[in-house]
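Notes for the one structure printed next.
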Amino acid sequence: MRVLLVVMVQLFFSLPLLAQSGQKDLVNGNKLYNTRKYANAEQKYRQSQSAYNTGNAVYRQYQTDESIVHYQQALKSATTKEEKHRILHNLGNALMKQKNYQQAVEAYKNALRNNPYDDETRYNYALAKQMLKDNQQNNDNQQDQNQDNKDDKNQQDNQNQDQQDDQKNQDKKDQNQDKKDNKDNQQDKQDKKEDNQPKDPEQQKQDQQKQQMDNMLQALDNHEKEVRKRVREKDRKEEGQPVRVPNNKDW
């Protein structure tokens, strides 16, 4: 594709038929143009009111935008197919310089309608279509890449949001647990404080009576267990002794 770009464009030169007045300025402008004195040639062309040749001169000075204006102006006054072909061909070249491939394709296409046998125009037309196709493909690829980047960013944002939500939930759980622990600790302290506080005399008396009753019941229970134990031991001993038989002999 780089080779194609190098050999792509060649400007068609002057159209004397476009300038009926200022013929001398036009001729002098052509001489200056051929010696690559484009700025001086531009002045002569402007004086001769030749929009087409002025467009060529400013194009050679890399003033592409202005050259397009002059080509479009020249196209309005063109009367023959040859004039239109040359203007449209050079207009296509200027548009290619601007990388305006869509309009360049149209310019070359219209140039071929006025002269379908020009090889350079056909070549540039094919090249402009290829450049337009490649540019559209690059734009599509860039859009796809931008969409992928956007999707990746959204996914990353969602992951970050999920992590933030999880962290918030965990922090909330921790805070609730801390509150519960603090509440339990406060309750324990309160219970201990209440236990350490002296009781009123009536409550102390009741507690003592209850404790005495518990002690008496426990003593009775222990005594009963001891009596039962002794009875069982006595019964076992008696069961183990042999029965004595009286010795009554009849002599």
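Per the working numbering, the sequence shown runs over residues 7 to 257. Think of the CB as a built atom: it goes at the ideal place given N, C-alpha and C, for glycine as much as any other residue.
Nearest CA to the CA of residue i: which residue from the options?
i: I74; options: T85, T60 and K87; result: T60
i: A134; options: H95, Q165 and N121; result: H95
i: Y65; options: Q104, K211, D180 and D177; result: Q104
i: E112; options: E89, L138 and E88; result: L138
i: A57; options: K43, K156, Q79 and N141; result: Q79
i: L81; options: T70, N46 and A117; result: A117
i: N99; options: K179, K43 and A132; result: A132
Could you tell me if residue i is buried or exposed, where buried requires 16 or more neighbouring beta carbons within 10 angstroms of its beta carbon?
i: S27; result: Reliability fails at S27, whose pLDDT of 48 lies under 50, so the model's placement of it is uncertain and the value that follows must be treated cautiously. By the neighbour-count rule (16 or more Cβ atoms within 10 Å), S27 is not buried but exposed.
i: L223; result: exposed
i: L101; result: buried
i: E230; result: exposed
i: L226; result: exposed
i: R242; result: exposed
i: N152; result: exposed
i: R92; result: buried
i: S54; result: Caution is warranted here: a pLDDT of 46 is assigned to S54, below 50, making its placement in the model unreliable, and the coordinate value is therefore given only provisionally. Buried, by the Cβ-count rule.
i: A45; result: exposed
i: V233; result: exposed
i: T264; result: Any question about residue 264 goes unanswered here, given that the chain covers just 7 to 257.
i: N147; result: exposed
i: A25; result: The predicted model places A25 with a pLDDT of 41, which falls under 50 and marks its position as unreliable; any figure quoted below should be read in that light. The residue in question, A25, is buried, as its Cβ has 16 or more Cβ neighbours within 10 Å.
i: N166; result: exposed
i: Y39; result: buried
i: N160; result: exposed
i: N144; result: exposed
i: N36; result: buried
i: N62; result: buried
With residue i and residue j assumed to form a contact (beta carbons below 8 Å), what rounded beta-carbon distance in angstroms separates them?
i: L97; j: Y77; result: 4 Å
i: E89; j: N121; result: Not really, about 10 Å apart at Cβ, beyond 8 Å.
i: N130; j: Y107; result: The Cβ separation is near 11 Å, so there is no contact.
Provide the residue span of the alpha helix (DSSP H) that contains residue i, from first to last.
i: Y58; result: A57 to R66
i: N99; result: K87 to K103
i: R119; result: Y107 to N120
i: V77; result: According to the sequence shown, residue 77 is Tyr rather than Val. First-last of the alpha helix (DSSP H) with Y77: T70 to S83.
Let me see if you follow: with CB-CB separation under 8 Å, is residue i close to chain C or not?
i: Q173; result: Checking the listed chains, one finds no chain C in this structure; it contains a single protein chain.
Mind pulling the beta strand (DSSP E) runs of 3 or more residues that sit fully within the region 142-206? Runs of the beta strand (DSSP E) inside the region 142-206: none found.
Extract the residue ranges of the beta strand (DSSP E) inside the region 202-247, only unbroken runs of 3 or more that lie entirely within it. Those beta strand (DSSP E) runs which fall completely within the region 202-247 and span 3+ residues do not exist here.
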